[in-house]
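Here is the structure we will look at.
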Amino acid sequence: MTPYLIFVLKRFGQFLLVVFLGVTITFFVTHLTPIDPVEESIGAITQMGQSDPNAIELMRQSLRELYGMEGSIWQQYLHFWLRLATGDLGPSLSAFPTPVTTIILRSLPWTIGLMAVSTLITFVLGNAIGALAGYYRKTMVLKAVSLVFIALLPIPYYILAFVLLIIFGYLWPVLPINGGYEMNANLNLSFALVLDILKHSILPALSLILVGAGSWLIGMRALVSNVITDDYVVFAELGGVPKGKILRSYIARNAMVPQFTGLAMSLGGIFNGTVITEIVFGYPGIGNLLISAVHAGDYSLVLGLGALSIVGVAAAVFIIDVLSPLIDPRIKVE
Amino acid sequence: EDYTSLPRKETLIVENPEGTIKNPGWFNIWVNGGGGVSTGLQQLTMDTLWYIDPEQGLGGATWDNSLAADKPQYNADFTEMTVKLRKGLFWSDGAEFTADDVVYTVKTQMDHPGMIWSAAFSVQVASVEATDPYTVVFKLKKPNARFHSIFTVRWNGAWIMPKHVFEKVADPLRYDFANPVSLGAYKLKAYDPQGKWYTWEKRDDWQRSSLARFGEPAPKYVTYTDPGPPDKRTIAQLEHNLDIIHDNTPEGMFTLKEKSKTIETWFPGFPFAHPDPTLPAVIFNTQNPPFDNADVRWALALLIDIKAVDMASYRGTATLSALGVPPTAATMKDYQEPMQDWLKNFEIDTGKSKIKPYDPTVGQQIADLLRKQPKFKDQIPSDPQAISNAFGYGWWKPNPKAAGELLEKAGFKKSGGKWMTPDGQPFKIRITVEGDTRSVFTRAGTLIAQQWAAFGIDAKAVPTEKLWQVALQPGDFQVAIAWSVETWGGDPDLSFFLDSWHSQFVAKKGEVQPPRNWQRWSNPELDKIIESIRGISADDPKGLELGKDYLKLVAREMPTIPLMSYNVFTSMDTTYWTGYPTIKDPYTDPVPNWANSRLMMVKLKPAQPK
Amino acid sequence: MQPLVEIENLKAYYRAFLYGVDREVRAVDDISLTIARGEVYGVAGESSSGKTTLIKTIAGAIRPPLRVVSGSVKFHFGGGTQDLYAMTPEERVALRWKHLSYIMQGSMNVLNPVRRIRHSFTDFAFRHMKVSKSVFFEKVANHLQRLKLDPQLLDAYPHELSGGMRQRMTIALATILTPEFIIADEPTTALDVIVQRDVLTMIRDIQREMGSSFLFVTHDMGVHATVSDRIGIVYAGRLVEEAPTAKLFSAPLHPYTQHLVGSLPKIGDPSTRPSLEGRPPNLAVPPEGCRFHPRCPKRMDICSQKVPPLVTVEPGRRVACFAVTGDQL
Amino acid sequence: MFTIIRDLARQNMEFLCGLLLFAVIVAAVILSYFSPYGATDIYLLPPDMPPGSEYWLGTTSRGQDVFWQLTIALRNTLFFGIGVAFLSRIISLVVGLVAGYAGGAVDRVLMAINDSVMVIPQFPLLILFYFVLKDNMTWAVLIVIMASLGWSYDARLIRSVALGLKSRPFTTQSVYSGMTMRKILVEEHLPYVLPIVFATTMNNMIWSIGMEITLSVLGFTDIETPTMGMMIYWANAHSALISGIWWWVAAPVAVIVILFLALFLLSMSMNEYNDPRSRLNRMGS
Amino acid sequence: MTALLHLSNVTKVYRQGGMLGRRLITAVKDVSFEVGAEPEILSIVGESGSGKSTIAAMILGQTTPTEGRLEFAGKTVSIHSRSERTAFMKEVQPVLQNPFEAFNPLKRVDRYLFETARNFYTSGKRPDRKEAERMADAALHHVGLTLEEVKGRFPHELSGGQLQRVAIARALIPQPRLLVADEPVSMVDASLRMAIVNLFGRLKNELGLSIIYITHDLATAYYISDNIIIMRKGEIVERGQARPVLDNPQHPYSRALKDAVLAADFSAVA
Ligand SMILES: Nc1ncnc2c1ncn2[C@@H]1O[C@H](COP(=O)(O)OP(=O)(O)OP(=O)(O)O)[C@@H](O)[C@H]1O
Ligand SMILES: Nc1ncnc2c1ncn2[C@@H]1O[C@H](COP(=O)(O)OP(=O)(O)OP(=O)(O)O)[C@@H](O)[C@H]1O
Ligand SMILES: [Mg+2]
Ligand SMILES: [Mg+2]
Ligand code: NI
């Protein structure tokens, strides 16, 4: 076996351990929830309707049986892993008997689509401006642009998103503000649909980019001002290598290395969804699903989403570690 | 088909207050499977035997025989109910609706615990059979004069299942009922797999549905959608992209009124909102001291300045009630108005003095107060009857002195500006409020807490998500802002909520309380009233008198402090449709998640020619 | 002797604000020297005496807080005369690498760590050679072979090479365009003695082959003895002695040089070596007069009052010490 | 100390701006103790008054003075952010330094814990805590919970620096001076990671305050304690943006931006001051 | 009489690449030597990577040998508890390579002196501040400094020579019997180099200290040491008394090493 393969295998073992620990913690915390999915269901059923107390007691019993909520928490824990081994996350308790996987898979592509694209754009944009601002320290335009992004950073996301919405959806209504596509759209794949989906993603993506770029920018700027004094940069400058080339191939290329780990983390983090984006822009996705699952005490759904996110983050970090020798040739894996 | 929206002029767009539907493809309304209900499913495609309208109803009566041809027929001891069905009604797939469907509905649910009405049928029904294709006979396990209410739509009811569809299904509990077969005037056209919208299309054979009795529904399409948080609904309606907003913040309503020329509301002026037949109140957990003491409860009531609460919560748009029924529709004339004299003379004994706590002029005062704000001046009614309809008849006068006396009577002491309980502890109250979900009541709770705190009580409002499940059901609260009173709206019979207030249903401390009577209050006098109501038929005029007895009892005992009706800020845009229900033509509740709102479809008129 | 580089009265100071105190470090204080075509000129001296600063100033590698206060650096590349501090930045960039290359201190670590070495060659040299890529790399390969480097190493990353190989790579990079003037700052420190020897001989060979001038710095006198034609001794920012290598070692004139040469232990010579007492001078507040006088065994009264001028005592040989030259002025 | 500040202020525009902005924040926090209105009292003033001479930043729809409300909210939010940052910094310092220095099994165990915390989805966890704790979910508890979620990434950073410090010769010198591990970590290594600690503090505060606001907007926090999030929550509950009460939202947003610009400018110029290379760079210009 | 330090057949194998790697590197291969009971300076020379520092680390107890035994004053070196470690450090102290790196630039240099004084007291009780200062001053005297010159100073306020002498003074405080100096002069310039090397000679004579002097520089090894070990690739290729060995090296590698020394003696090159 090559040393690299051994490294990958060991690293994979670590990945499994982290997933195991993370899911275990999430399992027990979710089961602490005081919301009983059965009571939640009864609440939904009796909402503004009939409520013969005797009938409700009967309903309670039959639902408890139906949802398979018997057994100690340890049995349920064991059961959970056994089921998970076959890729089954069990039925959702708030949308019984629909499988958790079905529910998640319905929203997931939207979350991934929006978040992955905007995370990447944010990453590129933030780092590009950060690198430029770190290298050309005196340029006023860059200073101003960085300042704007840095000032956007602490603005509560909810407000920023809402202001965008008011501007582009009300004061100057040019962009759609609700949903992932037009209401009553024909959902057969067509060019028009794709265009419509893109149009609907502009505002959510823009809001994510505007609040997100600042932190990449700050990080990159600091990294660049460190790298800039490294010997190989000075040497290249003395060697008369053109400035643009120095910035791209020497400074940015080296400063990017630590940023990739951050990128992996945020790409992994997209499996958390973004509740506020989904609420403000009515964008489909798993963030809202998560909140409603928590509200409904639907711990099998919460756990499913939690596990997804844990695997997502851990896998992203795993992948970046495994790929790191490619990004930074100095990292040795022997 | 093109990638285009439906013709806007033929489409009615309605807010679905359930928001985004978690399991959008689930249409089996008989199983709680994460699908939507107010998506149009229950309003436009479901039907059952009878409806009671929360307002006045069409055809001159709040009572409507929908699938049934007539009112329910009981035998003398209320152990048997016979239903005659209408003829000539068809499911949207062409099958005829018959008694078999009704029998199937009841039997299937009884056979499948976990279905929504399963328990209710199991507890009551001994047998059900179709004696002929249009007659169903229920035999009951024990006498019940209101068994029919399970098939009577207030907000919803036990919907009738299509036997010909479900009998082919292996397990009705796990069947999603995709492509739902409709018994209403509309059928499913399309829905968003992400659960954001549902669109229904008028049936070609709409005439074969029960709604046809009232005429042809106007909108060809009806879309129920999740328009997002209140501010976005406001924007959408200002842009004429949303015909009916289900609910809004008071401020959102003011903004709409100010900025839009095409907005119609229940009241043309203040308080705009529709008072739903629900009674938000300060609910005490009467099983725990000191709230087991009526004097303490009364003292706390006398510390509330309802005008401030109104301004803080509804910003003046509340319809107040001092009585234990919501100040809406039928109850206005059946209870609120007739009880006024009694209220004016009603006395309580503080131990040191006797006072008359009622202030019949509160509505008037609020109107005067609002009229001072230039923005609203013209929108405030001045006719006394209109004021009473809009703002309620009156409420309790703040009386800190009497409150102090009552507390002292209950053994409390004041020391260093702080009230101490009889056992010497600081009097500490936590008011559980619902937080964001019903922000208006959260606002009310914080203000009441402030008023109590100003009197020397350590009072604070604490928001809890899932107030009902987390606090009310397990009885894990001291005081909450919520409601335990709901009425039919269009019918004075109080059994709808009152029956479950019987002491037989009050849970022990620490155990889960069945819905309603969250205050866990038991009272022998109340039990007697409830038992008397059970013994008479729903439309027996004696019911009204028993209802008044109940009102007097709870006024004396104050197990909850009734505040106001649940005012819903429904607004309707007249750009594409007119003919919405309003106080001038109150044919039904405009709040569109009520199944009764199907009546709107036949009353609407396109605002612009096609 | 044809001068290639003429340095006149060069002064270069560091100015620093430290905790509210304005501090000026006179790291190069009035140095003049001339380097001939084809000559190897070595600069030696204590640590912190200003060797690197001098060399930076000559190479035009000035970055704040270093400032050239006065003096000039003139090159006679291709027959003309270029004044380094009168040129535009563009002109300076044009000189670099084509006529003048500079191997900085720490030359083991000057290659971009995340790119293959091949790219460094493209970045630095390709522009100047008006040939196609393939011809260019053929030339590079030939050049590397001369330095006993396998051309395949072009496709390696710097960290995959040993320290010696990396230094040789840097040297290859600095010499590929056969510049007229090569500047190197401690090019062989931290190398194994055996490797160091190889590298030095190679540098020497290449320099001879190309006929370039070579200015380099080290405080290792053994290295100077091996490579330099002429040596300048720097003490506390000043040139205190300059002499052909053989003369400097066999008959040092300045007391500091004498100490430097005298203190070197030798294998086969077990006699006791003295150590120089006292502290190196602080360049922010250098001693008055001769900067060496506080540590000087031959100190006279005048040494603490007047700065000894650099006097030519015989052709190619200058020294700044009153004890040697007497109070001439 | 004073000379350093004066010095920095004189040469460094960024520092000066940061200092001024920070002074504004500190002044507001101090002012909050002199507020004429109770922090949670509502309907004391006419609602919806725009900014003007009587109410500088206007009043809210709840009849509160935005200015005074803001000072108190700022104070609470700042204490919250600082509390979370402080606690989480301590955890990440302990874990990072110990893991880096001790190495071996200790390192592996600590890093396994670290990574597990890193991958756990924070948001649902916070909401669940909120449900579980209900009334007991005070600010202090929230600070502790947030702190125990917000340390892992920075602990890794600190560990990587500590790994380098371990092989620095002065560490060996300390070991042979007989210092204990605690002493070496606290007195020798800590100063080296402090710049990272400061740099991450700002990010941590942005994160925690952002989280607080998100939780508040969703209605998951104590509504009786005025904070930035709570102000936005109430403004939102009163449709402030759509009904034109923009000052209710603009004021807290402006203050948060000022706070972070101040922190950012200060930490940036301080870092440059600490790093001789870039400090000298600046002087030449 | 037992030797002060005795290494018998010591081998050290490193696994490279941390917990992930598998490549084994034999840094030290079957090495035996001793430092006698009488004070002596033992030089270890050899090319880079030949295992010199690894040997130093093993002697200092920083790593344990993979095979073989290390005895100090007749006892196998075993460090398990903190008290054993303290006792051992009292006897064996290091001098580090780079004086500028050996002190935390953010801390005053006297701190290390006082810490050492307080942690390695020879008398019964832990010295107080005064006593610690006295001990530090005494040690500084041996290296030609006084406490006054050093007290309260930061590393950047001292010259390299001074710093290296402070470092040596610190190592002297516990009154050890062996100093392990791993390339103590490779980072200081020629004029300082002799000052330090001469100091070693004095310490041996005046304090009866044994010193293991690790270096690249054959000339200083020749100048100062009694005995010498020449290493290559983890193995000892030649050993003996320093001067005879260097005057006339036998092993080819020793000869190559000697040849590579660039003589500053000009006539030798010309
Ligand atoms: N960036 C700087 N800022 C302030 N002072 C500096 C700077 N760089 C060098 N100096 C000072 O200038 C003087 C000369 O330094 P220089 O690096 O030229 O010495 P050197 O002879 O090359 O030393 P070495 O042999 O250690 O390389 C020293 O006193 C040093 O402290
Ligand atoms: N901690 C370690 N882990 C793995 N390998 C190591 C470690 N320390 C040293 N080595 C390897 O052991 C070998 C001997 O190293 P050592 O540092 O003892 O050599 P040295 O003679 O001191 O070299 P130098 O003269 O460069 O200081 C080298 O190949 C080195 O790479
Ligand atoms: Mg130098
Ligand atoms: Mg070594
Ligand atoms: Ni022995």
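Residue numbers (my numbering), protein chains in the order written: chain A, 1 to 334; chain B, 1001 to 1610; chain C, 2001 to 2329; chain D, 3001 to 3285; chain E, 4001 to 4270.
Just so you know, even glycine gets a beta-carbon here, dropped at the ideal spot from N, CA and C.
Here the structure is a predicted model, which is why all the values come from computation and not from measurement.
A distance of 8 Å or more separates the beta carbons of residue 1136 of chain B and residue 1123 of chain B. When the beta-carbon positions are compared, residue 3234 of chain D and residue 3060 of chain D come within less than 8 Å of each other. Identification of residues in the stretch 3209–3229 of chain D having a C-beta nearer than 9 Å to some C-beta of chain B yields 3217, 3218, 3219, 3220, 3221, 3222, 3223 and 3224, given in sequence order.
Boundaries cannot be given for residue 1492 of chain B, as no alpha helix (DSSP H) includes it and DSSP labels it neither H nor E. Considered as a whole, the stretch 4020–4098 of chain E harbours 4052–4059 and 4082–4091 as its complete alpha helix (DSSP H) runs of no fewer than 4 residues, in chain order. Buried is the label assigned to residue 1570 of chain B, since at least 16 other Cβ atoms lie within 10 Å of its Cβ.
The Cβ atoms of residue 3196 of chain D and residue 3158 of chain D lie closer than 8 Å to each other.
Nearest to residue 3113 of chain D by C-alpha distance, out of A:322, A:314 and A:327, is A:314.
For residue 1470 of chain B, at least one C-beta of chain A is nearer than 8 Å to its own C-beta.
Within chain A, the residues placing a beta-carbon under 8 Å from that of residue 1194 of chain B are 106, 107, 110, 179, 180 and 284, ordered along the chain. A residue is called buried when at least 16 other Cβ atoms come within 10 angstroms of its Cβ; residue 4141 of chain E does not meet this threshold and is exposed.
Residues of the stretch 261–280 of chain A with a C-beta atom less than 8 Å from some C-beta of chain C do not occur. Shortest gap from the CB of residue 2048 of chain C to any heavy atom of ligand 1: under 7 Å.
By the C-beta density criterion, residue 4156 of chain E is exposed, having fewer than 16 other C-beta atoms within 10 angstroms.
Annotation for residue 33 of chain A indicates a beta carbon at 7 Å or more from all heavy atoms of ligand 2.
Against chain D, the CB of residue 1079 of chain B has no partner CB under 8 Å away; the residue lies outside that interface. Taking the Cα positions, residue 3268 of chain D is about 17 Å away from residue 132 of chain A. The distance from the Cβ of residue 130 of chain A to that of residue 220 of chain A is about 3 Å, consistent with a contact at the 8 Å cut-off. Your pair residue 1490 of chain B and residue 1062 of chain B checks out as a contact, with CB atoms roughly 3 Å apart and the cut at 8 Å. Within chain C, the C-beta atoms nearer than 9 Å to that of residue 245 of chain A come from 2123, in chain order. Residue 1202 of chain B carries a strand assignment under DSSP once its states are collapsed to helix, strand and coil. Counting only runs that start and end inside the stretch 2189–2247 of chain C, the beta strand (DSSP E) elements of at least 3 residues fall at 2213–2217, 2230–2235 and 2238–2244. Considering only beta carbons, the part of the stretch 2045–2071 of chain C lying closer than 7 Å to chain E consists of 2046 and 2047, in chain order.
In the structure shown, residue 1395 of chain B falls within a strand segment according to DSSP collapsed to helix, strand and coil. Under the three-state reduction of DSSP output, residue 1253 of chain B falls in the helix class. For residue 2237 of chain C, the shortest separation between its Cβ and any heavy atom of ligand 2 does not lie below 7 Å.
With respect to residue 4051 of chain E, residue 4230 of chain E sits apart: the two C-beta atoms are not nearer than 8 Å. Residue 1104 of chain B and residue 1028 of chain B have their C-alpha atoms some 15 Å from each other. By the Cβ test, the stretch 1247–1265 of chain B is not in contact with the stretch 1492–1507 of chain B, since fewer than three Cβ pairs between them sit closer than 8 Å.
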